[in-house]
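Below is one structure, written out as structure tokens; the observations come after it.
In UniProt numbering, the protein residues as written are 1 to 422.
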């Protein structure tokens with residue numbers, strides 16, 4: 001039987017601390033209550049291996065009230081939602097640290113909850129699910145605690161902000177997910193694949209943004225990938241993927257034409273203002289968002305001057321050099337420099353290789369006079385006209401950190417430095 005409040009003046013901080021001690025009990029009870037309600041996810045796509053889609057040409061459930069295309073969509077939360085206990089604990093700790101004395105969230109937590117409501121639409125969670133969550137959580141809190149009005153108020157606020165984020169996007173006609181059919185796979189070297197997909201429905205994004213992607217090779221995992229081309233009405237997107245973990249290795253080693261990925265949630269603010277000349281520094285597949293911006297600039301009447309430095313660990317991994325060289329030749333406002341950390345190409349970089357060799361001794365590698373030896377950040381610092389320029393950096397977290405430190409130490413304006421998010 002639920003316990004009822006006998007004193008509404010109990011301090012919120014005291015309630016939060018008690019709830020922390022009883023968190024496991026409260027969460028387990030709320031979960032049981034949610035399961036009993038038999039809720040199902042709102043229409044969201046699920047990934048499929050090539051040839052495994054049960055109804056590839058059927059009507060789209062997103063616009064299909066009779067659900068006749070459900071073979072391509074999740075029917076149970078086990079197909080869409082896999083939030084582990086550690087993640088939930090981290091989120092609750094983060095939220096609890098931002099509860100004010102007035103029983104509200106600070107602006108950072110409030111914005112986070114609204115953004116999470118938008119983000120979690122990819123799991124099939126919409127406004128109605130958060131109403132059910134709020135009811136289950138409050139009943140669970142009241143089962144194990146007394147004098148809980150302040151705590152239940154903040155719980156209601158949490159679910160309301162989540163629901164607001166989800167409903168705002170739904171009202172604006174933003175699709176929770178898009179199906180991405182793989183049209184082509186190019187293995188540019190042993191560690192990098194260029195994958196072209198077609199989104200249905202097309203998902204709008206800005207040049208330089210990333211999207212979240214789910215594939216049939218790691219179906220419970222969402223990871224960020226940056227489109228290497230601007231948004232277009234046909235929904236055609238190019239991704240550059242370097243094998244560096246289970247998600248990306250699954251793509252590089254196993255992706256085939258015809259399989260279907262899921263894409264959601266464009267994010268990020270990497271962009272060019274047009275008020276300054278631009279220096280772009282890309283580490284490996286960090287090239288993708290910068291390439292998207294360059295292609296977008298190519299459609300403008302007066303694009304700014306752009307200096308692009310494209311770096312790789314060895315010359316065999318300068319995987320998009322020929323395409324970049326063509327862009328360099330086509331646009332007088334663009335200057336591209338290829339940079340390699342090593343002067344030799346390790347064995348196995350390309351399928352025909354068996355031993356290490358010098359980069360200038362193989363036809364597969366770009367000519368030695370077309371790339372510079374060194375670290376891409378150091379080469380850019382030495383050669384680029386970077387003072388009073390916008391500096392855009394994309395690559396691995398360690399690469400971005402190192403390049404930022406190099407430029408700040410040299411006196412670059414921190415307000416003019418941008419990075420794609422980790």
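Don't be surprised by glycine CBs; every beta carbon is placed ideally from N, CA and C.
A quick note: this is a predicted structure, and the numbers were derived from the prediction, not measured.
Integer Cβ distance of residue 228 from residue 292, believed to fall under 8 Å = Mapped onto the chain shown, residue 228 falls at position 228. Mapped onto the chain shown, residue 292 falls at position 292. Confirmed, about 6 Å.
Could you say which of 119, 149 and 106 lies nearest to residue 163 if we only look at CA atoms?
-> Reading the chain shown from its first residue, position 163 is the one you call residue 163. The shortest Cα separation from residue 163 among 119, 149 and 106 belongs to 119.
Enclosing beta strand (DSSP E) for residue 25 [first to last residue] = Locating residue 25 in the chain shown gives position 25, counting from the first residue. Premise fails: residue 25 lies in the alpha helix (DSSP H), 23-36, not in any beta strand (DSSP E).
N-terminal and C-terminal residue of the beta strand (DSSP E) that residue 200 is part of | Walking along the chain shown from the start, residue 200 turns up at place 200. Start and end: 192-200.
Distance, Cα to Cα, residue 77 vs residue 245?
-> Translated into positions along the chain shown, residue 77 becomes position 77. Translated into positions along the chain shown, residue 245 becomes position 245. Approximately 26 Å between the Cα atoms of the pair.
Report yes if the CB atom of residue 264 is closer than 9 Å to the CB atom of residue 252, and no otherwise.
-> For the purposes of this step, residue 264 is identified with residue 264 of the chain shown, where counting begins at 1. For the purposes of this step, residue 252 is identified with residue 252 of the chain shown, where counting begins at 1. 9 Å or more divides the Cβ of residue 264 from the Cβ of residue 252.
Exposed or buried, which one is residue 52 when buried takes at least 16 other CB atoms within 10 Å?
-> Here residue 52 corresponds to residue number 52 of the chain shown, with the count starting at 1. Exposed, since its Cβ has fewer than 16 Cβ neighbours within 10 Å.
At which residues does the alpha helix (DSSP H) containing residue 145 begin and terminate?
-> As a working note, residue 145 is residue 145 in the chain shown. Here residue 145 belongs to no alpha helix (DSSP H), and DSSP marks it neither H nor E.
Residue 389 and residue 269 closer than 9 Å at C-beta = Looking up residue 389 in the chain shown gives position 389. Looking up residue 269 in the chain shown gives position 269. Cβ distance not < 9 Å, so residue 389 and residue 269 don't count as in contact.
Going along the chain, which residues of its own chain have a beta-carbon closer than 7 Å to the beta-carbon of residue 366, five neighbours each way excluded?
-> Reading the chain shown from its first residue, position 366 is the one you call residue 366. Closer than 7 Å at Cβ, skipping near neighbours: 315, 318, 321 and 338.
Neighbour-count burial assignment, residue 86, 16 or more Cβ in a 10 Å radius | Position 86 of the chain shown, counted from the start, is the residue given in the question as residue 86. Burial call: exposed.
Whose C-alpha, out of 204, 174, 132 and 257, is nearest the C-alpha of residue 195?
-> By one-based count along the chain shown, residue 195 stands at place 195. Out of 204, 174, 132 and 257, 257 has the C-alpha closest to the C-alpha of residue 195.
Hey, could you find the ends of the beta strand (DSSP E) residue 371 is sitting in?
-> In the chain shown, counting from the first residue as 1, residue 371 sits at position 371. Per DSSP, the continuous beta strand (DSSP E) segment holding residue 371 begins and ends at 371-373.
Since residue 201 and residue 180 are thought to touch, with beta carbons under 8 Å apart, how far apart are those beta carbons, to the nearest angstrom?
-> Counted from its first residue, the chain shown places residue 201 at position 201. Counted from its first residue, the chain shown places residue 180 at position 180. Cβ-Cβ separation between residue 201 and residue 180: approximately 11 Å, too far for a contact (criterion under 8 Å).
Between residue 386 and the rest of its own chain, which residues show a CB-CB distance below 6 Å, the 5 nearest in sequence each way excluded?
-> By one-based count along the chain shown, residue 386 stands at place 386. Excluding sequence neighbours, residue 386 sits near 279.
Cβ-based neighbour list, residue 307, same chain, cut-off 6 Å, excluding 5 preceding and 5 following | To locate residue 307, count along the chain shown from 1; it is residue 307. Once the five neighbours on either side are set aside, the close Cβ partners of residue 307 are 279, 335 and 384.
Compare the Cα-Cα distances from residue 130 to each of 209, 146, 197 and 31 and report the closest residue.
-> Within the chain shown, numbered from 1, the residue matching residue 130 stands at position 130. Comparing Cα-Cα distances from residue 130 to each of 209, 146, 197 and 31, the minimum goes to 31.
Coarse secondary structure for residue 182, derived from DSSP in three states | If you number the chain shown from 1, residue 182 lands on position 182. In this structure, residue 182 counts as strand in the three-state DSSP scheme.
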